[in-house]
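One structure below.
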Amino acid sequence: MVVILDFGSQYSELIARRIRETQVYSEVLSYRTSIAELRELHPKGIILSGGPNSVYDEGAPQCDPDIWQLGIPVLGVCYGMQLMVQQLGGQVERAKRAEYGKASLYIDDPTDLLTNVEAGSTMWMSHGDSVAQLPLGFEVLAHTENTPCAAIANHQKKLYGVQFHPEVVHSIGGQALIRNFVYHICDCDPNWTTAAFVEESIREIRAKVGEKRVLLALSGGVDSSTLAFLLHRAIGDQLTCVFIDQGFMRKYEPERLVKLFQEQFHIAVQYVNARERFLKQIEGITDPEEKRKRIGHEFIRVFEEESTRLGPFDYLAQGTLYPDVIESAATNIDPQTGERVAVKIKSHHNVGGLPKNLRFKLIEPLRKLFKDEVRKLGRSIGLPEEIINRHPFPGPGLAIRILGEVTAEKLSILRDADLIVRQEINRHGVYSDLWQAFAVLLPIRSVGVMGDQRTYAYPVVLRFVSSEDGMTADWSRVPYDLLEIISNRIVNEVRGVNRVVYDITSKPPGTIEWE
1216 MVVILDFGSQ YSELIARRIR ETQVYSEVLS YRTSIAELRE LHPKGIILSG GPNSVYDEGA
1276 PQCDPDIWQL GIPVLGVCYG MQLMVQQLGG QVERAKRAEY GKASLYIDDP TDLLTNVEAG
1336 STMWMSHGDS VAQLPLGFEV LAHTENTPCA AIANHQKKLY GVQFHPEVVH SIGGQALIRN
1396 FVYHICDCDP NWTTAAFVEE SIREIRAKVG EKRVLLALSG GVDSSTLAFL LHRAIGDQLT
1456 CVFIDQGFMR KYEPERLVKL FQEQFHIAVQ YVNARERFLK QIEGITDPEE KRKRIGHEFI
1516 RVFEEESTRL GPFDYLAQGT LYPDVIESAA TNIDPQTGER VAVKIKSHHN VGGLPKNLRF
1576 KLIEPLRKLF KDEVRKLGRS IGLPEEIINR HPFPGPGLAI RILGEVTAEK LSILRDADLI
1636 VRQEINRHGV YSDLWQAFAV LLPIRSVGVM GDQRTYAYPV VLRFVSSEDG MTADWSRVPY
1696 DLLEIISNRI VNEVRGVNRV VYDITSKPPG TIEWE
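Taking my numbering, the leading residue of the sequence shown gets 1216, the next gets one more, and so forth.
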């Protein structure tokens, strides 16, 4: 196991994911984690993340300096390296030239950390400070044109630092460096595998649940579907899945989902048709946040009714993932005071905010996994590719892809347009290349001409984006021929639409969803 101490870096989760790609388990913890807590975890290595501060700033985050006496290999990344240098007697100062973006790495000593990292490899820099003087016992392993100490080491104490970010995709050779640290320096074993996780999870679920009943809100996404599969394999008919059809899913999805689980997977699903209830709740509402709020509250009411009708249940299963766990314990720096403040965890869009009087105990078998690991898990236990590779879909569904008021007519129009989008991107083989691809219905009408007749109908926006994780995204450069086919089909086949436009806004400044 490798522990990452987080100093506020946007890349801390990415470091953990890169380590897990080497089949070694990793966890992200606060930089405030005590030495006693670290000893209890028995990590084979520790990584200090980057962060937005300067180590010489008043109130800058500091780890316990006794960490250097643990005898455990440590790798400092960016801020983490500078903190290592400062706490061990070196000097860090404002760089004469800040370095952001790609830089060529010139290797002075390829021993240990930089084995198999090619000289001249591109690495991703993001720093305004640099090391002015190394602590006693340290030496330079590599430099860049603007950074004399780009990689450093105290080989005897197994303390290492890099000024760049080996975890990001732009750093060529970064994964080789991480493997060197994990295997050659920390001597970890590659035992973090999907098969091992499934075996351990089933054992833990059975031990925790015993003969009691578990309730799961099924959404059709990869998280809840994988969770349903895993729980059913562990406890069989003790699991009850409830699928609440709120009327905002894509065309044919509710029917396909229920049929898939009941007939192909032999997992019982309680189908609840609540379409009219949800539509009535947002009747006349145009504000997107108010729509989300009302949909969420109605979901809670329906779920509570169904849990009472089908119960009693002892456990509620949630598809909490590791990023949610990290976020619940994460800390940010208050720029005014320098103090670290807690960040509130995001609510799961299906079961967040359930009333406390439901009196469920929580069971969260996926809480150790990242999204890509959930997909691997789903694939390993037999989940079909159509669910595993399903594009992210918002909890409120099509209700926030219809700008303004949602009506039954608009839902019908958008469902038909969205179906054409999905059919064509699948037929042209680009579905898996896109992070998301969907249609948006605007709350305005435009003039058109069809069959020598003037039309006054809705415009549809196509939103296709490419992304690694959804945090940032770029509009996708799909072939014009594909856009032409989709546009022609929508205006000819979808009654009420006479214009199709393509959104070429990246995130930031825009968001992926329009509401």
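Built from N, CA and C at the ideal position, the CB exists for glycine as well.
Treat the numbers as computed from the prediction; the structure is a model and nothing was measured.
Query: Outcome for M1686 when other beta-carbon atoms lying within 10 angstroms are tallied against a minimum of 16; Result: exposed
Query: Contact check, V1217 vs S1227, beta carbons under 7 Å; Result: no
Query: Identified DSSP bridge partners for H1358; Result: Y1321
Query: Cβ separation of E1382 and L1229, assumed to be a contact under 8 Å, to the nearest whole Å; Result: 5 Å
Query: N-terminal and C-terminal residue of the beta strand (DSSP E) that H1342 is part of; Result: S1336 to Q1348
Query: 7 Å Cβ shell around H1643 - same chain, five flanking residues per side excluded; Result: L1697
Query: Environment of F1222 [buried if 16+ CB atoms lie within 10 Å]; Result: buried
Query: Residues sharing a beta bridge with Q1668, DSSP; Result: M1665
Query: Other residues of its chain near G1567: CB distance less than 6 Å, five sequence neighbours each side excluded; Result: Low local confidence applies: a pLDDT of 44 at G1567 is under 50, so the model's placement there is unreliable, and no value is given.
Query: CA-to-CA distance, D1633 to V1424, given in whole angstroms; Result: 41 Å
Query: Range covered by the alpha helix (DSSP H) that runs through T1523; Result: P1503 to L1525
Query: Alpha helix (DSSP H) runs wholly inside the segment 1398 to 1473, at least 4 long, in chain order; Result: 1409 to 1424 and 1437 to 1450
Query: C-beta atoms of V1346 and L1392 nearer than 7 Å; Result: no
Query: Cut-off 7 Å between Cβ atoms - residues of its own chain near D1718, not counting five sequence neighbours on either side; Result: V1676, L1677, R1678 and W1690
Query: Backbone secondary structure at G1567 - three-state DSSP; Result: Its pLDDT being 44, under 50, G1567 is placed unreliably by the model, and the measurement read from it follows with that caveat. Residue state, collapsed to three classes: coil.
Query: Anticipated Cβ contact below 8 Å, L1598 with T1441, distance rounded; Result: 6 Å
Query: Under the three-state DSSP convention, the category A1275 falls into; Result: coil
Query: Beta-carbon separation (whole angstroms), I1262 vs L1290, contact threshold 8 Å; Result: 5 Å
Query: Strand pairing of W1690, partner residues [DSSP]; Result: V1680
Query: Cα-Cα separation, Y1530 to L1454; Result: 9 Å
Query: Every unbroken beta strand (DSSP E) within the segment 1252 to 1309, with a cutoff of 3 residues, ordered by chain; Result: 1260 to 1263 and 1289 to 1292
Query: Euclidean distance between Cα positions of D1438 and P1609; Result: 13 Å
Query: Cβ shell of P1611 (< 7 Å), same chain only, five flanking positions each side left out; Result: F1463, K1506, R1507 and I1510
Query: Cβ-Cβ distance between G1376 and I1387 below 7 Å; Result: no
Query: Limits of the unbroken alpha helix (DSSP H) element including R1637; Result: A1623 to R1642
Query: V1218, DSSP secondary structure in three states; Result: strand
Query: Chain-order list of residues whose beta-carbon lies under 7 Å from that of P1607 (same chain, five-residue window excluded); Result: Q1651 and G1685
Query: Classification of L1472 by the beta-carbon crowding that lies within 10 angstroms, buried from 16 upward; Result: buried
Query: Extent of the continuous beta strand (DSSP E) run through A1366; Result: A1366 to N1369
Query: Simplified DSSP state of K1722, which is helix, strand or coil; Result: strand
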